[in-house]
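Residue 203 is where the sequence shown ends in numbering that gives the first Met the number 0, and the numbering goes up by one at each step. These notes concern the structure reproduced below.
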Amino acid sequence: MIIKNIEAKIRLATFIAAGSLLTSLIIVGINCLYAYKMVSNAQKSIYILDNNIPILARQTDVQMNRPAEYRADVDLFHSLFFSLTPDDNYMEYQMKKAMYLVDQSGMEQYNNLKENGFFNSILSSSSVLTLQTDSIWVDFPKHYFRYYGKLKIDRRSSTVVRSLITEGYLKDIPRSDNNPHGVLITNWKTLENKDLQDVEKNTF
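Written out as structure tokens, the structure is:
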């Protein structure tokens, strides 16, 4: 009888120990999963620096705002590349900033324009170029964009308005001071750049 009681107590102790171990493993697993979700959500949040102290700007998934950032990046690049004044230093400054936002396709277009005398013509005619964005269409799953705008070229003798349509792809890269949106434009090319109107000025 005593032996049976001892065996029963051993079985009970074994059952309790196994149950405690299983419960502990479940609790540890739940805690690990919760911690993983917290870290994952934190990485998707946007932070700003205040005296080198990171502050959560707002708790939102970065991907929710990504299409807007893509459009802002495309708009910024085109504005830097095409909004120019007859000033060598200013044009060089604009192009330098623009090249941080685009791959070698941007440099190729820049070199083509330079070889064709585009920048020299701005200087010789004292032209002021102003780009107006009409719309930017982004295919988010394909990371593709198409830009629609109007380029106004104000010369001493006339004012020309051109239709500008370009396209390219968007690549996510780490954010930096020179590329705050963390977006690199790739395979950029011009689809249309034609005159819409050319109005001569009175030169009295």
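Glycine included, every Cβ here is placed at the ideal spot set by N, Cα and C. Everything numeric in this text was worked out from a predicted model, so none of it was measured.
In three-state terms, what does DSSP make of residue i?
{"i": "I15", "result": "helix"}
{"i": "Q58", "result": "With a pLDDT of only 44 at Q58, under the threshold of 50, the placement of this residue in the model should not be trusted, and no figure is reported."}
{"i": "F265", "result": "Nothing about residue 265 can be reported from this structure: the residues present for the chain run from 0 to 203 only."}
{"i": "T185", "result": "strand"}
{"i": "E191", "result": "strand"}
{"i": "K149", "result": "strand"}
{"i": "V27", "result": "helix"}
{"i": "I9", "result": "helix"}
Relative to the ligand MG, is the shortest distance from any of its heavy atoms to the C-beta of residue i smaller than 6 Å?
{"i": "I135", "result": "Ligands are entirely absent from the displayed structure, and the ligand MG is therefore not among its contents."}
Going by the CB atoms, is the gap between residue j and residue i shorter than 7 Å?
{"i": "D133", "j": "G148", "result": "yes"}
{"i": "T129", "j": "S162", "result": "no"}
{"i": "R154", "j": "S120", "result": "no"}
{"i": "F76", "j": "L112", "result": "no"}
{"i": "D72", "j": "H142", "result": "no"}
{"i": "V137", "j": "Y92", "result": "no"}
{"i": "R160", "j": "Q196", "result": "Contrary to the premise, residue 160 reads as Val rather than Arg in this sequence. The answer is yes: Cβ separation under 7 Å."}
{"i": "L122", "j": "P85", "result": "yes"}
{"i": "S157", "j": "K193", "result": "no"}
{"i": "L79", "j": "K95", "result": "no"}
{"i": "F139", "j": "P66", "result": "yes"}
{"i": "F118", "j": "M90", "result": "yes"}
Can you find a C-beta in chain C that's less than 7 Å from the C-beta of residue i?
{"i": "R70", "result": "Here chain C cannot be found, since the structure has a single protein chain."}
What first and last residue would you give for the beta strand (DSSP E) that runs through residue i?
{"i": "I164", "result": "S157 to D171"}
{"i": "N177", "result": "From DSSP, N177 is part of no beta strand (DSSP E); its letter is neither H nor E."}
{"i": "L83", "result": "Where L83 is concerned, there is no enclosing beta strand (DSSP E), given that its DSSP letter is neither H nor E."}
{"i": "S126", "result": "Careful: S126 lies outside any beta strand (DSSP E) and carries neither H nor E."}
How far does the alpha helix (DSSP H) with residue i in it reach, from first residue to last?
{"i": "D87", "result": "D87 to M98"}
{"i": "L122", "result": "F117 to S123"}
{"i": "S104", "result": "Q103 to E114"}
Take every Cβ of the stretch 158-167, pair it with every Cβ of the stretch 183-193, and state whether three or more of those distances are shorter than 8 Å.
As far as the Cβ criterion goes, the stretch 158-167 touches the stretch 183-193, which means the pair count is three or higher.
Any contact between the stretch 19-38 and the stretch 101-109? By contact I mean 3 or more CB pairs, one from each, below 8 Å.
no
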